[in-house]
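Trainee:
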Amino acid sequence: MGIYHDIIAAEVFPALGCTEPIAVAYAASLAAAQFDKKPEQITVTVDPGVYKNGFAVTVPETEGLKGNVIAAALGALIARPQLKMEILSGSNPELLAHAVEMVNAGKVEVLLAKERTSLYIEVTVRGGGSEARAVLEGGHTDLVHLECDGQLLVHTEAGGTATGHPYRAALKEMSFAQILELLDEIGPEDLAYLKRGIEMNLRVAEAGKQLVKVGHYVEELVRKGFLLADVVSSSKILAASASDARMAGLSFPVMSSGGSGNQGIVAILVPYNVGLFFHIPEEKILRSIALSHIVNAYIKCHTGELAPICGCAIAAGVGAAVAIVYQQAGSDLYKIDLAVNTIISDLGGMLCDGAKGGCALKVVSSTDAAIRAAYMALVGHGITEEEGFVGKHAEETIRNLSRISEIGMAKVDQTMLGIMLEKRTSSERAGSGGE
């Protein structure tokens, strides 16, 4: 199996709900499944990125409840880890009622491990005198430790390398010319899986169009003449509606990219809709989406799984832009360089302040910027190394962005988390009659 298949297997999968709280639910189900008694107490420890993304997002199958706490409780009670990132599809009203009781009784706590710099989820479940612990590290489904009542069941290093999965070390060092060669690995089954991702995310978008959220208002701007009824607007409406549905906790799985549902929406639906508009052959569209997934994964090898900057913008948005260029110009590295440099120059500073309804706004911005950058590149124009932190080639620009994210923005997550925790403390005080 080649690197392309490694990427797809690890990073492109169906997920029901925001991937961070769902990963928490999955870890809780792994732990709880190790004994046959009812969970009585759950302790969750997560890295800042998982904490941030589970702070204000609605969790599916919870009747509108939010956060990692309810996700952990429900995941432990479902205790069917074979469902993986669709774990909450195993819920029912009785289990939800029990989960809410546990949360309200203070039987579930979520702790922040500030020292963790990559994805980390540790869940300990206790019940009937038994105790089990599951640890995910490096990826949303990457089990590195599992134990029950002192017996070690699974233990391995996170992905076997410092960068997580073994393929990531090789992918990180690739050039865009080498990345394009990975498309040669794609066979008929791979094309079918890519098509399934389109169909899945289109269903989510249609469901989201019924909500009066970001997608609705972008569509209204078109109806009222503020925006043109063109491929840019239709792409923004499609992607925003899918994100609206996902962030609202609607019970529709989405095909993710880079382990993120919103990134999957941008990486898949934007090149799909643009390709459809320009009558690009279906197989070329599917291959462009494969390239979008690879580029998304490549950038996250540099910036990290959960960075202070928005992955929809600087990873999936870049992947979508490259995919659109590929649809119309093939493996033209000069135009790909221009597209990458232009969109990263445009959106490189967009912050990630956690998963929530407002993510659909960032999806709209990423969609708009991706199409604009691709068009400029196709006509031979874009941002060059003469401007700002942009490098001569796409690879250099991405490395520069990584340095800014890792070094220059080292305190950004810490600062945002401080603000979010202050808000939660103030809310709790107000709810208890305090100041």
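For the working numbering, add 14 to where a residue sits in the sequence shown, where the first one is 1.
Virtual Cβ for every residue (Gly too), placed ideally from N, Cα, C.
1. Within the same chain, show all residues whose beta-carbon is closer than 7 Å to that of K209, passing over the 5 residues directly before and after it, in chain order.
2. Do V117 and K370 count as a contact pair if the criterion is CB distance below 7 Å?
3. Would you call the segment 265-278 in contact with the segment 226-246, where contact means no fewer than 3 C-beta pairs closer than 8 Å?
4. Considering only C-alpha positions, which residue in the set K376, C366, V139 and G402 is nearest to L431?
5. Looking only at its chain, what residues have a beta carbon closer than 6 Å to the beta carbon of D360, apart from the 5 residues adjacent to it on each side?
6. Going by Cα to Cα distance, which pick from N82, K66 and D258 is closest to V73?
7. CA-CA distance, R147 and V137?
8. Taking the straight line between their C-alpha atoms, what separation do you get for H169 and V246?
9. Closest to M423 by CA distance: which of G362, A93, S379 and E195 is it?
10. Since A148 is in the beta strand (DSSP E), which residue starts that stretch and which ends it?
11. Per the DSSP calculation, C366 is bridged to which residue(s)?
12. Just to confirm, is the Cβ distance from T356 to I385 under 7 Å?
13. How far does the alpha helix (DSSP H) with Q192 in it extend, from its first residue to its last?
14. Which same chain residues, not among the five before or five after V426, have their C-beta less than 8 Å away from its C-beta?
15. What is the C-beta distance between Y389 and E199, in whole angstroms, given that I count them as a contact (C-beta under 8 Å)?
16. For K98 versus T33, is the C-beta spacing smaller than 7 Å?
17. What does the alpha-carbon distance come out to for the pair V122 and A311?
18. For H395, does the three-state DSSP call read helix, strand or coil?
19. Can you tell which of A343, S255, G263 and A330 has the C-alpha that lies nearest to the C-alpha of F292?
20. Pairing CB atoms from the segment 56-66 with CB atoms from the segment 91-111, are three or more of them under 8 Å?
21. So for V246, helix, strand or coil by DSSP?
22. Can you give the Cα-Cα distance for Y348 and L194, rounded to whole angstroms?
Mentor: Walking through what the data contain:
1. Result list for K209: L300, in chain order.
2. Taking C-beta atoms as the reference points, K370 and V117 fail to come closer than 7 Å.
3. In short, these stretches do not touch, since the Cβ pair count stays below three.
4. With respect to the C-alpha of L431, the residue from K376, C366, V139 and G402 having the closest C-alpha is C366.
5. By the criterion of a C-beta distance shorter than 6 Å, D360 is surrounded in its chain by A383, once the five residues flanking it on both sides are discounted.
6. Per the C-alpha coordinates, the member of N82, K66 and D258 positioned closest to V73 is N82.
7. So the two alpha carbons sit approximately 6 Å from each other.
8. Taking the Cα positions, H169 is about 48 Å away from V246.
9. Checking every option, the nearest Cα to that of M423 belongs to G362.
10. Per DSSP, A148 belongs to the beta strand (DSSP E) from S144 to E151.
11. Partner(s): none; C366 has no beta bridge.
12. A distance of 7 Å or more separates the beta carbons of T356 and I385.
13. F190 to E195 is the span of the alpha helix (DSSP H), which, as asked, contains Q192.
14. Within the same chain, and ignoring the five residues on either side of V426 in sequence, the residues whose Cβ sits closer than 8 Å to its Cβ are P322 and L365.
15. Contact doesn't hold; Cβ gap of about 29 Å is too wide.
16. No, they are not a contact pair.
17. Whole-angstrom Cα-Cα distance: 33 Å.
18. Coil.
19. Residue A343 is the option with its Cα nearest to F292.
20. No contact exists between the segment 56-66 and the segment 91-111.
21. Helix, per DSSP.
22. Going from the Cα of Y348 to the Cα of L194 covers about 13 Å.
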